[in-house]
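What follows is a set of notes on a single structure, which appears directly below.
Residue numbers (my numbering): 709 to 911.
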């Protein structure tokens, strides 16, 4: 059968939007002439989430989202896309979700990212495992790597990688979030170096 498409990301970096766009494009490419209520239903069934890539063979959907690190043993089990964005913006977004859904949401998110540490410390330490994420995916072979800000300009490349036409929603400027009172500036400067490095390696 067809290999599933896995969308991995550093978390809070556009992966939900991208997953939705890919599943919509996939359903449109396979069921183009079916009525839209039918396609909507199929689209609903076409995405899945896995905590860890080694569970991939149990996933039942063609489009899968994860926040796991790259797993070399499974590199030929799927087509992988990795989307990443600014590490501080991701942390701010996580903090916001924590306010909305409680600390347990942040704890689960840290687990999904294969991170380790205390939700209270997301601005102090690399609790969200940003460095390991960009290193692991950045060194992987055959993965489509894309920075959130480059997604629209690289849509054509992504279409070629996927093998079907993808439509992205209108680009929205991401809402500027309040800066937390205390940030480990040195850490986030270091993580931003990693972000820049990977972004320029792709270009």
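For each residue, glycine too, the CB sits at the ideal point set by N, CA and C.
With C-beta atoms as the reference, is residue i less than 8 Å away from residue j?
{"i": "residue 772", "j": "residue 784", "result": "no"}
{"i": "residue 776", "j": "residue 822", "result": "yes"}
{"i": "residue 895", "j": "residue 834", "result": "yes"}
{"i": "residue 830", "j": "residue 803", "result": "yes"}
{"i": "residue 712", "j": "residue 761", "result": "no"}
{"i": "residue 674", "j": "residue 859", "result": "One cannot answer for residue 674 here, as it falls past the ends of the chain, which runs 709 to 911."}
{"i": "residue 845", "j": "residue 836", "result": "no"}
{"i": "residue 794", "j": "residue 903", "result": "yes"}
{"i": "residue 737", "j": "residue 873", "result": "yes"}
Could you tell me the alpha carbon to alpha carbon distance between residue i and residue j, rounded to whole angstroms?
{"i": "residue 842", "j": "residue 825", "result": "18 Å"}
{"i": "residue 733", "j": "residue 832", "result": "39 Å"}
{"i": "residue 827", "j": "residue 817", "result": "9 Å"}
{"i": "residue 847", "j": "residue 778", "result": "9 Å"}
{"i": "residue 899", "j": "residue 748", "result": "39 Å"}
{"i": "residue 710", "j": "residue 871", "result": "12 Å"}
{"i": "residue 800", "j": "residue 820", "result": "17 Å"}
{"i": "residue 746", "j": "residue 815", "result": "37 Å"}
{"i": "residue 875", "j": "residue 714", "result": "18 Å"}
Do you know whose CA, among the options, lies nearest residue i's CA?
{"i": "residue 729", "options": "778, 782, 867 and 774", "result": "867"}
{"i": "residue 796", "options": "907, 891 and 909", "result": "891"}
{"i": "residue 881", "options": "722, 820, 780 and 862", "result": "722"}
How many whole angstroms separate the CB atoms of residue i and residue j, which I take to be in contact at a CB cut-off of 8 Å?
{"i": "residue 754", "j": "residue 717", "result": "With 8 Å as the limit, residue 754 and residue 717 do not qualify as a contact, their Cβ atoms being about 18 Å apart."}
Curious, which full-length beta strand (DSSP E) runs of at least 3 residues does the segment 814 to 885 contain? 852 to 855
For the segment 709 to 761, list the beta strand (DSSP E) runs that are entirely contained and at least 3 residues long, ordered along the chain.
-> 713 to 717 and 755 to 757
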